[in-house]
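Structure first, then comments.
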Amino acid sequence: MCGIIAYNGRDDAMPYLVDGIRNLEYRGYDSCGCAFQSTNGIQVRKDVGRVDDVIRKYQLDGEHSNTAMFHTRWATNGPVSVKNAHPISDCTGEIAVVHNGIVENWAELKESLSMHKFRSDTDTEVIAHIVEDRLNKGGTLREAAKYAYKNIKGASSFLVMKSGSDEIVAVKHGSPLVLGLSKNGHFISSDIPSFSAYTNKVIYLHDGDLVSITKSGYSIMNMAHVKAAHKISYIKTDYTENDRSGFKHFMIKEIMEQPRLIKQIVKSDISALEKSASVLNQSKTVYLVGAGTSFHVALIGAHNMRLNGINAIAIQPQDAKDYSKVFKKDDVFIIVSQSGETADIISMLPLIKENKKLGILNSAESTLARAVDIPIFINAGHEKGVAATKTFTLSSIYLVLLSMFASGNKEAALRDLRLLSLNIYNLFVPSVLSSVSKAASILKKKTDVFYLGKGLDYAIALEGALKMKEVSYLHAEAIDTATFRHGPLALISNGAFAVSIVSRETKQDAIRNLREVKARKGKIIGISYENSDVFDIFIKVPEAGNFSFIQQAIVTQLLSYKVSVLRGIDPDHPRNLAKSVTVK
Ligand code: F6R
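With the sequence shown counted from 1, adding 125 to any position gets you our numbering.
Spelled out as structure tokens, the structure:
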């Protein structure tokens, strides 16, 4: 995925960029690096590790330069190592490149650049050598960057600097890049929160844009060298809230924020939902699209819509091509995405160009917010923990509201939402929290755990298992309670643990199936509205009609968080992950 930020202007770039790159760390934290102009030409500093470690190691906050760029890496091509950290240089060290994306034809290009000395395993390095080649033949940095763009395949946005030049050139293709305009200089970055403390004036770049920023200004051309006339936008979202408010991690802070955020929905303006509900009623089939946690939200939405008589299917964006033959013009798509930047979703948009698109989104400034016809913002605030928590619950709530509004059940929806906003406080009480802690202290020592549920409870089981895997590295697998006996039951022996989600609607069947687990000496942690003799540990969740599942989900979040901490893992930065997946 990777995060990129650059500044060029009259101010010292380093304080802006040291701060900015910290705000991009959610995009990857395998290694970090920077390039800056100095009186001795380009200086490059880079290393493996977290952003703060690299800043401290090279005392980057003590450096001064007006022209600089930073990168934080999520490894795709080439292992995590110093040589693969960006910026990546050419043979001479006079050119530096930072890149977000994948050069799909890098192997073939590398062969054609056999006269060059390659020092890294990255696909990015071909860009540096192509630029070097082109500059050797004469021409400007812009021309060389354009030439590189023309030769590479795949979604790739990159920035390039040349020793002694006060210019930074950027190419946008696929991966996000936005230009920030301030009085004394300009930013180019993967995402707005990295510079929003310094300016709210932005230009969203388009694919194929070639941008140049110098100390005195900026220019945007398309690849045909025609000046682009993109409009200036003003950021409305406040991204400045960066502290953990006394909590040890963002993950627990964000879990604990949920009661307040739910209360906020009760008081909010729901007109966008009402407008969208009428769109659903005109559709033949509603496709709900999301990746990872957002796919689980889509499953919840589709389940609730079907219960309300709406023909709805949840799909993953990677499968859209397989489904595309059955897509019809009057099908409506609901896109669920916290970041609004997930590459798998963005790349399926051409398949549904003609269709009406609604978005369940958290970022008003994202690519998907601009791509959909009706964006519905969940207003969860900036989610910093890598594992989605509050955005999962809020997106699910908005989808259930939408589905109930569309089917004429608005009053019941609002009644249940009010109930949830009151009952949720009974979740954060000592008796519930101590049961969660007891379960966590057992799971901490396990290597495997099963999450069982049926219908809507199965979607919660999927999300609970994903959360557990992500932040605790425990092998957690969600299985439909009813299908458990069709094979997976073979995994149960003495000492095996299952977390079972049981709601009023599924209880009778679920308990019968769970007895089969008990009979094989499996142990059961029950997350349910009432106790049962099959549960070895019972975690009681209050009910709230159509929103009871929200409280089950929050218990699974708390459980994952506690196991993570007990295992000594930093849940905000689990290994190998990044907050938004901006590569396909
Ligand atoms: C898991 C998680 C991911 C995201 C997925 C989609 O905790 O956060 O599975 O849900 O990468 O991201 P968005 O919602 O930004 O499209």
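The beta carbon of each residue, even a glycine, is placed where N, CA and C say it ideally should be.
Quantities reported herein were computed from a predicted structural model and do not represent experimental measurements.
Just verifying my parser: in three-state terms, what is the DSSP assignment at F622? DSSP places F622 within a strand segment (E or B) once states are collapsed to three.
Name, in chain order, the residues that DSSP records as bridge partners for F575. Looking at the DSSP assignment, F575 forms a beta bridge with E602 and A623.
Measure from the alpha carbon of R147 to the alpha carbon of each residue in D177, H298 and I459, then state which is nearest. If we check each option's Cα against that of R147, D177 comes out closest.
Helix, strand or coil for N671, going by three-state DSSP, please let me know. Here DSSP, grouped into helix, strand and coil, assigns N671 to helix.
When DSSP labels each residue in this structure, what does F517 get in the three-state scheme? For F517, the secondary structure class from DSSP, reduced to helix, strand or coil, is helix.
What's the call for P696, buried or exposed, on a 16-neighbour Cβ count within 10 Å? Burial call: buried.
Name the residue from K361, Y412 and L639 whose alpha carbon lies nearest to the alpha carbon of P318. Nearest neighbour of P318 by Cα position, chosen from K361, Y412 and L639, turns out to be K361.
Considering only the alpha carbon of each residue, which of L302, L691, D363 and E536 lies closest to G333? Measuring from the Cα of G333, the nearest candidate turns out to be L302.
Residue range of the unbroken alpha helix (DSSP H) whose run includes T418: T418 -> alpha helix (DSSP H) spans T418 to L432.
7 angstroms Cβ shell around T339 - same chain, five flanking residues per side excluded: So the list reads N133, D291 and E292, once near-sequence residues are dropped.
Distance, Cα to Cα, Y359 vs T192? Whole-angstrom Cα-Cα distance: 24 angstroms.
Would the beta-carbon of I470 be found less than 8 angstroms away from any heavy atom of the ligand F6R? Result yes, Cβ under 8 angstroms from the ligand F6R.
Is it the case that the Cβ atoms of E630 and L552 are separated by a distance below 9 angstroms? In this structure, the beta-carbon distance from E630 to L552 does not fall below 9 angstroms.
At a cut-off of 8 angstroms, would you count K515 as near the ligand F6R, judging by its Cβ distance to the nearest heavy atom? K515: no, Cβ never under 8 angstroms from the ligand F6R.
Is the distance from the Cβ of Y412 to the Cβ of F375 below 9 angstroms? Y412 is not a Cβ neighbour of F375, given a cutoff of 9 angstroms.
According to DSSP, is A439 part of a helix, a strand, or is it coil? Looking at A439 - three-state DSSP - the assignment turns out to be strand.
For N656, collect the residues of the same chain with a Cβ closer than 6 angstroms to its Cβ; drop the 5 residues on either side in sequence, then sort them by chain order. Shown here for N656: same chain residues with a beta carbon closer than 6 angstroms to its own, the five before and five after excluded, namely F663 in chain order.
Between which two residues does the alpha helix (DSSP H) harbouring L547 extend? Membership of L547 in the alpha helix (DSSP H) is indicated by the continuous run K535 to N548.
K704 in three-state terms, based on DSSP: Under the three-state reduction of DSSP, K704 is assigned to coil, being neither helix nor strand.
Use the C-beta contact count for G578: other C-beta atoms within 10 angstroms, 16 or more gives buried, fewer gives exposed. The residue in question, G578, is buried, as its Cβ has 16 or more Cβ neighbours within 10 Å.
For the ligand F6R, is there a heavy atom less than 8 angstroms away from the beta-carbon of T606? For T606, the Cβ stays outside the 8 angstroms cut-off from all heavy atoms of the ligand F6R.
Just verifying my parser: in three-state terms, what is the DSSP assignment at F530? The answer is helix: DSSP assigns F530 an H, G or I state.
With R170 as the anchor, note down where its beta strand (DSSP E) starts and where it stops. In the DSSP assignment, R170 falls within the beta strand (DSSP E) that extends over G166 to V173.
Less than 8 angstroms between the CB atoms is what I'm expecting for R675 and T518, so what's the real figure, rounded? The residue asked about is misnamed: residue 675 is Ile in this sequence, not Arg. With 8 angstroms as the limit, I675 and T518 qualify as a contact, their Cβ atoms being about 5 angstroms apart.
Quick one: is the Cβ of A512 within less than 8 angstroms of any heavy atom of the ligand F6R? Checking every heavy atom of the ligand F6R against the Cβ of A512, one is found closer than 8 angstroms.
Whether V554 touches S685 by CB criterion (9 angstroms): Between V554 and S685, the C-beta spacing is not below 9 angstroms.
For the ligand F6R, is there any heavy atom lying closer than 8 angstroms to the beta carbon of Q383? No - the ligand F6R has no heavy atom lying nearer than 8 angstroms to the Cβ of Q383.
Spatial neighbours of S521 in its chain, beta-carbon cut-off 6 angstroms, leaving aside the 5 residues before and after: Same-chain partners within the cutoff: V422 and I425.
Please classify T164 as buried or exposed, where buried requires at least 16 other C-beta atoms within 10 Å of its C-beta. Taking all protein chains in view, the Cβ of T164 is surrounded by fewer than 16 other Cβ atoms within 10 Å, so the residue is classified as exposed.
Please report the straight-line C-alpha distance between L587 and A437, rounded to a whole angstrom. Answer to the nearest angstrom: the Cα atoms are 19 angstroms apart.
Using the C-alpha atoms, what's the distance from S705 back to A200? Here the C-alpha atom of A200 lies approximately 14 angstroms from the C-alpha atom of S705.
Suppose the cutoff is 6 angstroms on Cβ atoms and the five residues either side in sequence are ignored; what does the same chain contact list for N548 look like? Counting only residues of its own chain and dropping the five nearest sequence neighbours on each side, N548 has a CB closer than 6 angstroms to the CB of P667 and A669.
Within the same chain, show all residues whose beta-carbon is closer than 7 angstroms to that of K569, passing over the 5 residues directly before and after it, in chain order. Spatial neighbours of K569 in its own chain (CB-CB distance under 7 angstroms, excluding positions within 5 residues in sequence) are listed in chain order as V688, L691 and R692.
Heavy atom of the ligand F6R less than 8 angstroms from the Cβ of T365, yes or no? No, the beta carbon of T365 sits no closer than 8 angstroms to any heavy atom of the ligand F6R.
State the Cα-Cα distance for the pair D368 and I180, rounded to the nearest angstrom. For D368 and I180, the distance between alpha carbons rounds to 19 angstroms.
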